[in-house]
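See structure below.
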Amino acid sequence: MKAGADLELIKLIEGYKFEVLKGSTDINITGIEHDSRKIQKGNLFVAIKGFTVDGHDFIQEAIDNGAICILVQRDIQIEDEGVTIIKVEDTILALARLSSIFYGEPSKKLNLIGITGTNGKTSTTYMIKSIFEACHKKTGIIGTMGTIIDGMVLDNINTTPESSLIQRYLKKMVDKGIQYCVMEVSSHSLDLKRVEYMDFQVGIFTNLTEDHLDYHKDMENYYKSKLKLFNMTSGCNIINIDDEYGHRIINDLENPIPIITYGLDEKAHIYATDVVYHFRGVDFVLNSPKGSVPINLNLLGRFNVYNALASAACAIYYDMDLYSIKDGLESLRGIKGRFELVPIDEDYNVIIDFAHTPDGLEQVLTTIRQFAEGRIIVIFGAGGNRDRTKRPIMGETVAKYADLSIITSDNPRYEDPDKIIEDIIVGVERVNGKYIAITDRREAIEYALLNARPKDTILLAGKGHETYTIIKDKIIPFDEKQIVLDILKDIKKR
């Protein structure tokens with residue numbers, strides 16, 4: 018039967034350890050879902066126990082919506098006739114396997130590239146896509162800013178979606194004749210088995226700095242979750258050798274496949290020399306076993322040199338020529354929410370960036386320092402119900418580089434935004450930084466714009482491409498770029 022259409026349940030689960038608690042396996046499955054609200058007639062519902070909710074509590078809703086088979090990991094009593102109940106040891110792992118089979122194992126039919134690390138994943142995916150398309154290779158993306166399939170952009174709730182959705186996207190890519198898929202692979206997705214039963218040809222490591230410790234608890238667990246990707250790959254692993262954790266990955270790998278290293282040192286296979294930073298971007302010479310080529314990158318900062326090297330290494334693995342790599346890198350003019358210059362008719366600059374970790378903030382601010390002629394004003398906060406330990410470090414990092422820190426709200430979720438701000442201020446005061454706290458983010462932006470002086474640079478950090486803010490369980494529209502333009506328009510009317 019056609020993959021992604023109906024598939025016999027017995028074919029879906031054959032070779033997998035399972036126990037039939039009720040019903041028959043001689044039925045056709047029309048789709049696989051782990052969200053009971055999305056169930057349609059004839060679907061298989063996989064009950065997953067999450068952090069806050071347990072899918073086993075929504076089995077009846079799934080049946081009411083048309084599920085004819087339920088996959089569980091504990092004994093369940095269901096009275097409904099015509100419903101098959103199957104028990105497995107781990108429903109999360111089963112979701113990954115069954116989804117892959119249902120959609121015809123699409124990852125084996127294209128070249129799947131996984132990118133992991135704390136910072137740089139999104140920019141690297143877009144650089145790779147630009148290079149590959151310069152080589153006339155159809156390329157899709159799955160990541161933080163959405164999934165791109167043949168020019169169509171689909172929103173993602175998570176950086177790396179659940180396994181069933183990834184498999185569905187990969188199947189669509191195969192159907193559209195896409196040859197390569199570049200995927201951001203988060204530490205959560207590796208830990209939560211969302212990318213199991215996927216045939217990654219290439220793994221790319223960008224860097225590792227403090228983040229997500231609310232979930233991982235410490236850097237060792239965070240590192241070990243990232244390491245998993247590089248033991249899943251079949252073609253090669255591409256590693257930032259300038260990062261201390263990059264060295265650890267090379268030493269700790271059990272996977273015997275080739276390794277390509279990159280960095281700003283000649284010890285790497287792919288490295289940069291003659292690096293010149295300027296307001297329009299970065300010029301450097303890309304050196305590789307294939308030869309050397311000058312690159313005029315239209316993206317700012319040292320971090321983007323690393324992203325470009327990683328992307329070039331990936332293209333070299335796939336035997337793409339240096340001048341196509343050059344064309345692909347140089348044709349990229351900007352990435353939404355990544356060091357994005359807001360188009361304003363003022364005598365100062367406004368930049369939007371997604372930096373939300375101490376290292377990310379330092380990378381962006383050291384770049385701004387290279388060209389800033391006036392003051393550096395940073396508007397930033399920290400996410401609620403996330404790692405508290407990084408908040409004072411973020412405050413200290415910003416205060417070291419900024420002439421003024423405007424500390425505000427950033428997706429507070431269920432936390433009190435004023436308490437989050439207090440956590441950040443601890444770090445700012447540690448280095449005697451100049452700051453003002455304005456809880457309302459729009460008011461904070463307006464304060465910065467009203468008080469900007471000629472040649473100042475205002476950095477709006479933390480939200481980047483996001484066009485919303487999360488307060489409790491509500492997602493509220495908040496497009497920083499448009500808000501800046503609207504405030505400036507209002508100021509001119511006054």
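Just so you know, we're using this note's numbering here: the sequence shown kicks off at 18 and counts up by one. Ideal Cβ positions, reconstructed from N, Cα and C, are used throughout, including at glycine.
Backbone secondary structure at residue 135 - three-state DSSP | DSSP places residue 135 outside both helix and strand once states are collapsed to three, so it counts as coil.
Determine the extent of the alpha helix (DSSP H) in which residue 463 is found, giving its start and end residues.
-> Looking at the DSSP string, the run of the alpha helix (DSSP H) that includes residue 463 is 458-467.
In the segment 254-281, which residue ranges form an unbroken alpha helix (DSSP H) of at least 4 residues, counting only runs that do not cross its ends?
-> With a minimum length of 4 residues, the continuous alpha helix (DSSP H) runs that stay inside the segment 254-281 are 261-269.
Can you tell me which of the three DSSP states residue 357 falls into?
-> Three-state DSSP puts residue 357 in a strand.
Among 508, 240, 52 and 157, the one whose alpha carbon lies nearest that of residue 166 = Restricting attention to 508, 240, 52 and 157, the CA atom closest to the CA of residue 166 is found in 157.
Reference residue 117, options 168, 149, 140 and 28, closest by Cα | The shortest Cα separation from residue 117 among 168, 149, 140 and 28 belongs to 28.
Determine the closest residue to residue 380 out of 364, 324, 430 and 432, with distance taken between C-alpha atoms.
-> Considering only alpha carbons, the answer is 324.
When the Cα atoms are used, what is the spatial distance from residue 189 to residue 465?
-> When rounded, the distance between both Cα atoms is 45 Å.
What first and last residue would you give for the beta strand (DSSP E) that runs through residue 152?
-> Where residue 152 is concerned, there is no enclosing beta strand (DSSP E), given that its DSSP letter is neither H nor E.
Per DSSP, which one or two residues make a beta bridge with residue 374?
-> According to DSSP, residue 374 bridges with nothing at all.
Near residue 87, what residues of its chain come up, given a Cβ to Cβ distance below 6 Å and the 5 sequence neighbours on each side ignored?
-> Hits under 6 Å: 62, 76 and 102.
Alpha carbon to alpha carbon, how far is residue 359 from residue 505? Give it in angstroms, no decimals.
-> Across the structure, residue 505 and residue 359 are spaced so that their CA atoms are roughly 12 Å apart.
Near residue 109, which residues of its chain fall below 6 Å by C-beta distance, leaving aside the five closest residues on each side in sequence?
-> Answer for residue 109: 65 and 210, listed in chain order.
If you measure from the CB of residue 492, is any heavy atom of the ligand MN nearer than 6 Å?
-> As presented, the structure is devoid of all ligands, the ligand MN included, so that no description of it is given.
Over the uninterrupted alpha helix (DSSP H) stretch that includes residue 324, give me the two end residues.
-> It spans 319-334 - the alpha helix (DSSP H) in which residue 324 sits, taken as one unbroken run.
Which of helix, strand or coil does DSSP assign to residue 20?
-> Because residue 20 sits at a pLDDT of 42, beneath the cut-off of 50, its placement in the model cannot be relied upon, and the point is left open.
By Cβ distance, which residues of its chain are closer than 8 Å to residue 469, with the 5 residues on each side in sequence left out?
-> The beta carbon of residue 469 sits closer than 8 Å to the beta carbons of 363, 365, 394 and 475 from its chain, once the five residues preceding and following it are set aside; these are given in chain order.
Are at least three pairs of beta-carbons, each pair with one atom in the segment 211-225 and one in the segment 250-258, less than 8 Å apart?
-> Yes, the segment 211-225 is in contact with the segment 250-258.
Taking the CB atoms as reference points, tell me whether residue 375 and residue 423 lie closer together than 7 Å.
-> For residue 375 and residue 423, no; Cβs fall outside 7 Å.
Minimum length 3: unbroken beta strand (DSSP E) runs contained in the segment 27-74 = Every beta strand (DSSP E) stretch that sits fully inside the segment 27-74 and reaches 3 residues is listed by chain position as 36-39, 48-50 and 60-63.
Report yes or no: do three or more beta-carbon pairs, one from the segment 338-348 and one from the segment 259-276, lie closer than 8 Å?
-> Verdict: no, contact absent.
Secondary structure of residue 171, DSSP reduced to three states = Strand.
Check whether the Cβ of residue 404 lies closer than 7 Å to any Cβ atom in chain D.
-> Looking at the structure shown, chain D is missing, and only one protein chain is on hand.
Please work out which residues of its chain come closer than 7 Å, Cβ to Cβ, to residue 142, disregarding the five sequence neighbours upstream and downstream, and give them in chain order.
-> Around residue 142, the same chain offers 132, 158, 160, 199 and 201 as residues with beta carbons nearer than 7 Å, after the five sequence neighbours per side are excluded.
Just the C-alpha distance for residue 33 and residue 91, rounded to the nearest angstrom, thanks.
-> Residue 33 and residue 91: Cα-Cα distance of roughly 17 Å.
Ranges of the alpha helix (DSSP H) found wholly within the segment 396-466, counting only runs of at least 4 | Correct list: 407-418 and 434-447.
Cβ of residue 181 within 7 Å of Cβ of residue 246?
-> Going by C-beta atoms, residue 181 is not nearer than 7 Å to residue 246.
Between residue 84 and residue 445, what straight-line distance do the alpha-carbon atoms span, to the nearest angstrom?
-> Each residue's CA atom was taken as its position, placing residue 84 and residue 445 some 54 Å apart.
Alpha-carbon to alpha-carbon, residue 495 and residue 503 | The alpha-carbon atoms of residue 503 and residue 495 are separated by roughly 12 Å.
May I ask you to report which of helix, strand or coil DSSP gives residue 345?
-> Reduced to three states, the DSSP call for residue 345 is helix.
So, using beta-carbon positions, are residue 289 and residue 322 closer together than 7 Å?
-> In this structure, the beta-carbon distance from residue 289 to residue 322 falls below 7 Å.
Ordered along the chain, which non-local residues of its own chain (more than five positions away) have a Cβ less than 7 Å from that of residue 185?
-> Setting aside the 5 residues that flank it on each side, residue 185 is surrounded in the same chain by 120, each with a C-beta closer than 7 Å to its C-beta; the list follows chain order.
Mind checking whether residue 473 and residue 392 have CB atoms under 7 Å apart?
-> The answer is yes: Cβ separation under 7 Å.
Could you give the C-beta distance for residue 418 and residue 382, rounded to a whole number, given that I count them as a contact under 8 Å?
-> Between residue 418 and residue 382 the beta-carbon gap is near 4 Å, inside 8 Å, which marks them as a contact.
Keeping to the same chain, check which residues put their C-beta closer than 7 Å to that of residue 244; ignore five residues upstream and five downstream.
-> Counting only Cβ-Cβ distances below 7 Å, and skipping sequence neighbours, we find 266 and 269.
Mind checking whether residue 310 and residue 301 have CB atoms under 7 Å apart?
-> The Cβ-Cβ distance between residue 310 and residue 301 does not fall below 7 Å.
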